[in-house]
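Residue 58 is where the sequence shown starts when you use our numbering, and the numbers rise one by one after that.
Backbone N, C-alpha and C define an ideal beta-carbon position, used for all residues, glycine too.
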Amino acid sequence: MLLGIDLGTDTIKICDKNNKIMIAEKNMIAIRDELQVIGIGDEAYEMYEKTPVNVQAACPMMHGAIADAKNMELLLVGLLRRCSSLLPVHPTIYIAVPSDISAVEKRAYYNVLSGNIKAKKICLVDKGVADAIGIGLPIDVPIGNMVVNIGAGTTDISVLTGGQILLSKMLQYGGRKLDEDICTMVRRMFQLNIGMRTADKLKNALAYIIDGPAASLEVYGISTVSGLPKSAVIPSLSVSVCIMETIDSIIQNIKSTLNRIPPQFLADIRKNGIYLSGGVSGIPNLAEYMRRELEVPVYLVREPVTSTLRGLLAIMNHKELETCTYSLKDLTGNTI
58 MLLGIDLGTD TIKICDKNNK IMIAEKNMIA IRDELQVIGI GDEAYEMYEK
108 TPVNVQAACP MMHGAIADAK NMELLLVGLL RRCSSLLPVH PTIYIAVPSD
158 ISAVEKRAYY NVLSGNIKAK KICLVDKGVA DAIGIGLPID VPIGNMVVNI
208 GAGTTDISVL TGGQILLSKM LQYGGRKLDE DICTMVRRMF QLNIGMRTAD
258 KLKNALAYII DGPAASLEVY GISTVSGLPK SAVIPSLSVS VCIMETIDSI
308 IQNIKSTLNR IPPQFLADIR KNGIYLSGGV SGIPNLAEYM RRELEVPVYL
358 VREPVTSTLR GLLAIMNHKE LETCTYSLKD LTGNTI
């Protein structure tokens with residue numbers, strides 16, 4: 058059996074070759090007393106920031122790399138067992154990995170998948186390549202393309218040609234940095250401490266770029282003055298202004314990457330544009346703002362949250378795309 062896995066900092070997405078079964082759950086696990094698993098995926102996220110002192114709800118991923126291999130394996134096995142048909146004996150697994158992480162960090166992916174999951178074969182796919190395939194970009198011709206995937210924990214900037222990464226840059230921030238910006242703004246402007254879940258809710262409900270609607274949302278937290286529970290009505294303008302520093306930082310890094318592209322491929326990108334994917338890409342008017350700042354066409358792709366998984370699905374179903382995969386042996390020169 059073939060499985061495709063997109064191991065995002067925020068969400069784990071898994072499909073089989075036929076895309077009949079798909080898992081899309083929070084990348085989070087809840088552990089009691091450092092021993093007992095009491096929640097995985099979405100159920101663990103429901104406990105996040107609400108647990109007693111002896112329960113920890115945490116994400117095993119950090120900035121595109123596996124930070125806690127043991128809990129990452131427990132989480133994956135648990136999610137796959139929920140759909141028993143997705144946990145066959147010795148599956149072949151196609152997994153998207155950031156281009157810019159080290160061979161050691163990529164080995165961590167391999168170790169997790171070859172443990173209790175007992176994968177027969179593990180095929181690594183650079184995230185930018187999987188995105189390009191999922192978007193539907195031509196990868197069998199020597200044309201330059203740029204894909205920017207703004208996820209929760211990372212922003213992956215990839216320049217591709219002929220199905221291979223020409224240049225890449227991974228920023229160790231994305232949607233969660235925006236949540237942190239919102240937490241800081243609410244604390245400073247409204248004297249209110251809120252959690253990351255509340256900040257994420259504000260981001261999804263109110264954030265916009267360029268000429269958004271005048272909306273607001275009431276949230277609850279702890280007063281920084283009295284230490285007591287308190288509510289505040291947060292306007293969309295405050296949310297949108299506070300995230301701009303991080304958004305502009307992403308744009309500056311895209312500019313610096315554009316400046317490194319060989320002229321013959323840069324001409325292709327200036328003509329064909331930049332493709333924007335990932336969960337943060339859906340912020341209203343973000344693509345238009347990027348177009349103005351970069352002076353290059355920027356397109357928000359269809360279903361940007363699942364573009365990576367769609368690319369893995371295409372690779373599993375088309376043998377000619379196998380050339381877009383590689384093994385850990387290709388990185389280390391050693392037999393796994």
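- P286 places its beta carbon less than 8 Å from that of I279.
- In this structure G98 is in contact with L136, their Cβ atoms being roughly 6 Å apart against a cut-off of 8 Å.
- Taking the CA atoms as reference points, P292 sits about 14 Å from C240.
- Restricted to the segment 215-298, the beta strand (DSSP E) segments that are unbroken, complete and at least 3 residues in length are 221-228, 273-280 and 286-292, listed in chain order.
- Within the same chain, and ignoring the five residues on either side of R367 in sequence, the residues whose Cβ sits closer than 7 Å to its Cβ are G191.
- The beta-carbon separation of A122 and E162, rounded to 4 Å, stays under the 8 Å limit for a contact.
- Under the three-state reduction of DSSP output, A324 falls in the helix class.
- Straight-line measurement puts the Cα of D325 at about 22 Å from the Cα of M227.
- With respect to the 8 Å criterion, N206 and K184 are classified as neighbours on the basis of their beta carbons.
- Only residues of its own chain outside the window of five on either side were considered, and among them Q248 have a CB closer than 8 Å to the CB of V282, listed in chain order.
- Secondary structure remark: continuous beta strand (DSSP E) runs of at least 3 residues inside the segment 92-132, in chain order: 93-97 and 112-115.
- Between P155 and A176, the C-beta spacing is not below 8 Å.
- Excluding the 5 residues flanking it on each side, L343 has same chain C-beta neighbours closer than 6 Å at I266, in chain order.
- A direct Cα-Cα distance of roughly 8 Å separates K328 from V353.
- Taken through DSSP and simplified to helix, strand or coil, G61 comes out as strand.
- According to the DSSP assignment, K312 belongs to no beta strand (DSSP E) but to the alpha helix (DSSP H) extending over M301 to L315.
- Residue environment for N84: buried (at least 16 other C-beta atoms within 10 angstroms of its C-beta).
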